[in-house]
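For reference, the structure is listed below as structure tokens.
Have a look at this one:
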């Protein structure tokens, strides 16, 4: 009889939702966003931990029965870390990364959000933001950010270098520039700064891991990665080859960008621009905030204000911009109460 009672107790515990046994625990992975939360000291630079810490604590304050555990996952490591988590069944409840993989939907790993969002709510979002997470008639992303956020969209100019080289940067900002004009101007922005006979200041630099910015030059030549319904790779085209050749020529023919591209990522490229080893960088208005943070944290000695300019375009063709949207995806939840809590947090 005693053994039967124990078995019945175990079966009863298995039948009870996890949420009924105590606090609901939400695990949240987010890529670095150095956002200053409310009431953050103006004389300090926010770290990648400040925003998620504030968001988690605020949600827990409003929902005492919920515990939010967040993990900041770097932009260059999230893909490998997520793959390992999915393989072992330890993926987070909610994820916000630079991109998401729509194959997660086909694998049955994600929760659609349609039951938690009204038609009126959908009207609050731009179509592109919703389309990013729309698969087989259902929405899988709570949109959080959408924009031509700078990477792959706009260039940054350090205007003192342009003025030193006698280049009218205002004309570039107002009228744009062709690929040919870009090359000629880049040559003027490349020099030997210490007189040792070796080039040590370049117009621009690239990183092989910095795909957004590299792809702008390739798209500008008319290339596409896939066909319209993304069922076939169409990258091996004359247009794509022309775009890649243009980038290679900037390094190996014109000498306006340093070699070693294969070893560099986006933050190496940003670092070259911040330290004025290059005159042209990549990014958007937020770069002013990054520069300010770096000055406050001692990573840069002085602030400067870059000017935003368009990428160069091929003569006779329109320029291109890289638009991106991202947000929160919810991994599969078996417990309804927890699913409700995760959706509300998202």
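Residue numbers (the working numbering): 237 to 582. Ideal placement from N, C-alpha and C gives every residue a C-beta, glycine not left out. In this text, all values refer to a predicted model and were calculated from it rather than measured experimentally.
Report back the beta-carbon spacing between residue i and residue j to the nearest angstrom; my notes put them in contact at under 8 Å.
i	j	result
residue 479	residue 499	Not quite, the Cβ-Cβ distance comes to about 21 Å (not below 8 Å), so this is no contact.
residue 440	residue 492	7 Å
residue 496	residue 506	Not quite, the Cβ-Cβ distance comes to about 16 Å (not below 8 Å), so this is no contact.
residue 305	residue 261	6 Å
residue 451	residue 558	7 Å
residue 265	residue 309	5 Å
residue 271	residue 295	Rounded, the Cβ-Cβ distance is 16 Å, inconsistent with contact.
In or out: residue i buried (at least 16 other Cβ within 10 Å) or exposed?
i	result
residue 446	buried
residue 347	buried
residue 435	exposed
residue 510	buried
residue 523	buried
residue 400	exposed
residue 256	Bear in mind that the predicted position of residue 256 carries a pLDDT of just 49, short of 50, making it unreliable; the figure below should be weighed with that in mind. Exposed.
residue 344	exposed
residue 244	Here the model assigns residue 244 a pLDDT of 47, short of 50, so the residue's position is not dependable, and the following value carries that caveat. With fewer than 16 Cβ atoms within 10 Å of its Cβ, residue 244 is classed as exposed.
residue 300	exposed
residue 489	exposed
residue 375	buried
residue 297	exposed
Terminal residues of the continuous alpha helix (DSSP H) containing residue i?
i	result
residue 261	That residue, residue 261, is in no alpha helix (DSSP H); its beta strand (DSSP E) goes 260-266.
residue 287	286-298
residue 530	522-533
residue 322	314-324
residue 308	Per DSSP, residue 308 belongs to no alpha helix (DSSP H); it is in the beta strand (DSSP E), 302-308.
Using the three-state DSSP reduction, which class does residue i fall into: helix, strand or coil?
i	result
residue 570	coil
residue 391	strand
residue 460	coil
residue 518	strand
residue 435	coil
Can you name, in chain order, every residue of its own chain whose Cβ lies under 7 Å from the Cβ of residue i, other than the five neighbours on each side?
i	result
residue 454	476, 479 and 480
residue 281	529, 532 and 533
residue 575	347 and 569
Keeping to the same chain, check which residues put their C-beta closer than 8 Å to that of residue i; ignore five residues upstream and five downstream.
i	result
residue 564	330, 331, 332, 377, 378, 380 and 582
residue 550	414, 415, 456, 457 and 458
Can you list, in chain order, the residues of its chain whose CB lies under 6 Å from that of residue i, leaving out five sequence neighbours each side?
i	result
residue 365	379, 382 and 561
Need the endpoints of the beta strand (DSSP E) that residue i sits in, please.
i	result
residue 183	One cannot answer for residue 183 here, as it falls past the ends of the chain, which runs 237 to 582.
residue 545	543-546
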